[in-house]
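Here is the structure we will look at.
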Amino acid sequence: MLKPSLASISEHLGSLKYLIYAPFLMKVLLSSLEDESTNWSLHILIVCALRSTMYSFWTSYCNMYFLNRNRRIIEEGVDFKQIDKEWHWDNFLILQSMIASLALYMIPVLRNLIPVWDTRSFIAILILHMTVSEPLYYWAHKYFHGNYLFRKYHSFHHSSLIPQPFTAASATPLEQLLLTAVMGIPILGSCLIGYGSITTIYVYILSFDFLRCLGHCNVEIIPHQIFEIFPFVKYLLYTPTYHSIHHTEMDSNYCLFMPLYDALGNTLNNKSWELHRTMSIDSGKNKSIPSFVFLAHVVDITSSVHVQFIFRSVASMPYTTRIFMLPLWPVAFVVMLLMWAKSKVFLLSFYNLRGKLHQTWVVPRFGFQYFLPFAKRGINKQIEDAILRADKLGVKVISLAALNKNEALNGGGLLFVNKHPNLKVRVVHGNTLTAAVTLNEINEDVKEVFLTGATSKLGRAIALYLCRRKIRVLMYTSSPDRFQKIQKEAPADCQKYLVLVTKYQAAKHCKTWIVGKWITAKEQNWAPAGTHFHQFVVPPILSFRKDCTYGDLAAMRLPEDVQGLGCCEYTMERGVVHACHAGGAVHHLEGWTHHEVGALDVDRIDIVWEAALKHGFRPVSNKNNISPKQIQS
1 MLKPSLASIS
11 EHLGSLKYLI
21 YAPFLMKVLL
31 SSLEDESTNW
41 SLHILIVCAL
51 RSTMYSFWTS
61 YCNMYFLNRN
71 RRIIEEGVDF
81 KQIDKEWHWD
91 NFLILQSMIA
101 SLALYMIPVL
111 RNLIPVWDTR
121 SFIAILILHM
131 TVSEPLYYWA
141 HKYFHGNYLF
151 RKYHSFHHSS
161 LIPQPFTAAS
171 ATPLEQLLLT
181 AVMGIPILGS
191 CLIGYGSITT
201 IYVYILSFDF
211 LRCLGHCNVE
221 IIPHQIFEIF
231 PFVKYLLYTP
241 TYHSIHHTEM
251 DSNYCLFMPL
261 YDALGNTLNN
271 KSWELHRTMS
281 IDSGKNKSIP
291 SFVFLAHVVD
301 ITSSVHVQFI
311 FRSVASMPYT
321 TRIFMLPLWP
331 VAFVVMLLMW
341 AKSKVFLLSF
351 YNLRGKLHQT
361 WVVPRFGFQY
371 FLPFAKRGIN
381 KQIEDAILRA
391 DKLGVKVISL
401 AALNKNEALN
411 GGGLLFVNKH
421 PNLKVRVVHG
431 NTLTAAVTLN
441 EINEDVKEVF
451 LTGATSKLGR
461 AIALYLCRRK
471 IRVLMYTSSP
481 DRFQKIQKEA
491 PADCQKYLVL
501 VTKYQAAKHC
511 KTWIVGKWIT
521 AKEQNWAPAG
531 THFHQFVVPP
541 ILSFRKDCTY
551 GDLAAMRLPE
561 DVQGLGCCEY
571 TMERGVVHAC
581 HAGGAVHHLE
591 GWTHHEVGAL
601 DVDRIDIVWE
611 AALKHGFRPV
621 SNKNNISPKQ
631 IQS
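If you use UniProt numbering, the sequence shown closes out at 633, no skipped numbers anywhere.
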């Protein structure tokens with residue numbers, strides 16, 4: 001069968017497949033300026049670039065949830081499986097460019113000069129499309145829904161559950177050849193009868209792609225009033241809702257762009273117009289109320305482009321700096337300035353867990369801003385507005401990402417709970433699960449640890465937990481008063497296990513470091529060879545030592561039944577989220593009614609950990625998969 005063979009070739013070639021365009025480029029570069037007959041190679045390259053850009057822009061719009069969340073037809077998100085399946089969506093552009101080149105070689109009349117503009121060509125190509133391409137596609141499409149052809153070929157297209165523009169371009173080679181014929185007949189016909197023009201060819205091809213993207217965009221943007229004022233228009237132009245019915249039910253609405261042929265063929269779904277009207281009317285309402293919200297923030301400008309509406313494929317992989325994305329830096333900076341001016345949070349992504357909608361909102365602030373004294377008030381105002389918005393919508397739990405719950409900023413969320421005592425939404429910093437994950441990573445045979453950031457919320461909880469397990473904790477801090485306060489919280493027989501240290505030299509024999517405050521290469525050099533650096537510091541420390549190992553930030557793998565997840569959370573692997581994110585989700589799944597803000601309750605570390613495991617969350621970096629309460633002296 002052709003389908004797997006083509007996919008296999010694309011996977012093996014990767015980006016090298018674009019070398020197929022090299023002959024076209026060479027022909028353009030080597031051709032004489034007077035030899036206008038070879039300009040078709042240039043036109044093919046330009047058309048392919050424009051078409052690729054159109055599909056990419058349409059897909060970007062589809063994933064701008066902050067703009068179209070209330071206009072989405074199928075509310076589920078695109079998952080990793082669909083993204084991978086549509087990874088080589090642009091194969092059809094390469095195929096059609098090769099077919100166009102072959103047609104120019106085999107049909108000499110096509111190489112003749114045609115005018116840039118000819119009004120008659122628009123009329124000719126429109127008539128040929130309506131009378132030949134539309135019925136041909138309708139008949140073939142309906143035939144492909146027969147048992148044999150659907151199972152062997154067309155099922156690949158329909159296996160993408162959420163229509164997107166890339167879905168329109170994702171099909172088997174046989175279907176792409178048929179679609180090439182459907183699109184090529186009007187172009188070829190108009191040229192053969194002497195009515196061809198370069199402008200018409202460009203307009204027709206790009207219009208064809210535009211309408212294909214429109215039908216698969218999964219966002220209803222056509223107002224229903226048009227069909228009420230001009231009823232006949234609904235038979236001349238389909239809508240995203242109309243085509244989505246074909247993807248969900250598959251036994252109706254087979255047309256290319258004109259529902260007229262479904263009406264003539266008695267395959268028009270009876271609820272098409274009413275559903276479109278309902279979708280259009282409801283576009284101003286909040287249809288999708290999330291049960292849980294994770295309030296994230298931007299780390300830096302380069303990571304701000306690691307989102308689905310920039311490059312869906314890039315966002316589906318863990319973040320890393322990519323050279324080809326660096327030119328987007330100025331654009332990202334300008335957009336971020338506009339977002340600051342807008343002064344509100346934006347919906348970034350979502351997924352479904354246990355039948356509940358979980359959304360990620362983002363505060364448009366860079367990481368460095370959280371450490372600027374004059375920015376504190378503005379950041380807290382945006383976080384507060386997000387909490388109040390979630391409360392108004394009916395969100396059950398809102399969890400704060402790392403810097404959004406900074407102790408110096410708002411006391412780990414305590415500021416908002418105290419200011420708004422009647423909040424229905426539960427505010428959660430998620431640090432209890434972060435502490436549990438960090439503790440889970442520590443080997444059972446560890447007798448001593450060196451802890452930086454020891455008097456922070458997390459540092460305090462980790463120190464108190466470990467000392468109860470009779471593990472000696474070297475607490476690095478410059479504040480003896482804060483150390484003594486934490487030491488007094490420990491049981492009397494455990495206080496001796498908490499040791500105040502003020503220099504890194506004190507840890508030169510300790511091979512287990514827990515880093516909660518950023519440390520430089522010089523400071524890391526005090527660690528003995530073979531040291532493992534656990535960490536809960538944002539941003540994570542740099543790996544300077546080759547003779548040591550470095551743990552990742554505390555994270556957990558989402559349950560296997562999560563649906564609609566198609567982007568990675570910063571540098572995390574697919575399906576992995578920061579522990580504070582997971583902590584908020586567990587808080588919601590358990591139905592806990594308390595706020596988790598301010599200081600950590602050490603007694604709840606084991607409770608939260610067991611709850612996370614019960615709901616299917618799994619630690620990422622720990623090989624032993626033990627519970628924190630199993631850590632023994």
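Beta carbons are placed, not taken as given, at the ideal position from N, Cα and C, and that holds for glycine.
Secondary structure at residue i, three-state DSSP: helix, strand or coil?
{"i": "residue 556", "result": "strand"}
{"i": "residue 600", "result": "coil"}
{"i": "residue 296", "result": "strand"}
{"i": "residue 352", "result": "strand"}
{"i": "residue 3", "result": "Confidence is the limiting factor: at residue 3 the pLDDT is only 47, short of 50, which leaves the residue's position unreliable, though a coordinate-based value still follows. In this structure, residue 3 counts as helix in the three-state DSSP scheme."}
{"i": "residue 636", "result": "Given a span of 1 to 633 for the chain in the structure shown, any question on residue 636 remains unanswerable."}
{"i": "residue 472", "result": "strand"}
{"i": "residue 309", "result": "coil"}
{"i": "residue 590", "result": "helix"}
{"i": "residue 630", "result": "For residue 630, the pLDDT reaches just 45, beneath the cut-off of 50, and the residue's location in the model is therefore unreliable, leaving the point undetermined."}
{"i": "residue 277", "result": "helix"}
{"i": "residue 360", "result": "strand"}
{"i": "residue 320", "result": "coil"}
{"i": "residue 623", "result": "For residue 623, the predicted model reports a pLDDT of 44, less than 50, meaning its position is unreliable; a value from the coordinates is still stated below. In the structure shown, residue 623 sits in coil (DSSP, three-state: anything other than H, G, I, E or B)."}
{"i": "residue 500", "result": "strand"}
{"i": "residue 545", "result": "coil"}
{"i": "residue 365", "result": "coil"}
Within the same chain, show all residues whose beta-carbon is closer than 6 Å to that of residue i, passing over the 5 residues directly before and after it, in chain order.
{"i": "residue 200", "result": "121, 122 and 125"}
{"i": "residue 578", "result": "555"}
{"i": "residue 405", "result": "412, 413 and 429"}
{"i": "residue 553", "result": "540"}
{"i": "residue 117", "result": "197 and 199"}
So, for residue i: in the same chain, excluding its five sequence neighbours on each side, which residues have a beta-carbon less than 7 Å away from its beta-carbon?
{"i": "residue 63", "result": "308, 309 and 312"}
{"i": "residue 589", "result": "354 and 615"}
{"i": "residue 632", "result": "Confidence at residue 632 is low in this model, with a pLDDT of 37, below 50, so the placement of that residue is unreliable and no value is reported for it."}
Sort the options by Cα distance to residue i and report the nearest one.
{"i": "residue 604", "options": "465, 441 and 536", "result": "465"}
{"i": "residue 260", "options": "320, 321, 147 and 135", "result": "135"}
{"i": "residue 516", "options": "360, 361, 476 and 140", "result": "476"}
{"i": "residue 67", "options": "345, 558 and 112", "result": "345"}
{"i": "residue 174", "options": "326, 569, 187 and 96", "result": "96"}
{"i": "residue 403", "options": "600, 431 and 79", "result": "431"}
{"i": "residue 194", "options": "247, 230, 114 and 131", "result": "114"}
{"i": "residue 183", "options": "219, 230 and 133", "result": "133"}
{"i": "residue 202", "options": "54, 25 and 439", "result": "54"}
{"i": "residue 326", "options": "460, 158 and 304", "result": "304"}
{"i": "residue 668", "options": "88, 360 and 550", "result": "The structure shown does not extend to residue 668, since the chain is modelled only from 1 to 633, so the question has no answer here."}
{"i": "residue 18", "options": "508, 147, 92 and 382", "result": "92"}
{"i": "residue 582", "options": "620, 347 and 386", "result": "620"}
{"i": "residue 87", "options": "77, 171 and 231", "result": "171"}
{"i": "residue 229", "options": "40, 501, 440 and 277", "result": "277"}
{"i": "residue 220", "options": "452, 329, 177 and 241", "result": "241"}
{"i": "residue 350", "options": "290, 197 and 161", "result": "290"}
{"i": "residue 224", "options": "543, 274, 538 and 340", "result": "274"}
Spell out the partners DSSP gives residue i in its beta bridges.
{"i": "residue 480", "result": "None, per the DSSP bridge assignment."}
{"i": "residue 576", "result": "557"}
{"i": "residue 345", "result": "Its beta-bridge partners do not exist; DSSP assigns none."}
{"i": "residue 513", "result": "450 and 533"}
{"i": "residue 219", "result": "72"}
{"i": "residue 427", "result": "398"}
{"i": "residue 563", "result": "352"}
{"i": "residue 550", "result": "533"}
{"i": "residue 212", "result": "None; residue 212 has no bridge partner."}
Do residue i and residue j have their CB atoms nearer than 8 Å?
{"i": "residue 395", "j": "residue 562", "result": "no"}
{"i": "residue 71", "j": "residue 283", "result": "yes"}
{"i": "residue 472", "j": "residue 499", "result": "yes"}
{"i": "residue 449", "j": "residue 514", "result": "yes"}
{"i": "residue 21", "j": "residue 45", "result": "yes"}
{"i": "residue 269", "j": "residue 252", "result": "yes"}
{"i": "residue 558", "j": "residue 575", "result": "yes"}
{"i": "residue 463", "j": "residue 486", "result": "yes"}
{"i": "residue 634", "j": "residue 373", "result": "Only positions 1 to 633 of the chain appear in the structure, and residue 634 is not among them; the question remains open."}
Excluding the 5 residues preceding and the 5 following residue i in the sequence, name in chain order all residues of the same chain whose CB lies nearer than 8 Å to its CB.
{"i": "residue 369", "result": "375 and 379"}
{"i": "residue 630", "result": "At residue 630 the pLDDT is 45, less than 50, meaning the model places this residue with poor confidence; the figure from the coordinates comes in the next sentence. The answer, listed in chain order, is 444."}
{"i": "residue 600", "result": "431, 432, 435, 457, 458, 460 and 461"}
{"i": "residue 548", "result": "524, 527, 529, 530, 531, 532 and 533"}
Residue i CB to nearest chain C CB: under 8 Å?
{"i": "residue 139", "result": "Of the protein chains in the structure, only one exists, and it is not chain C."}
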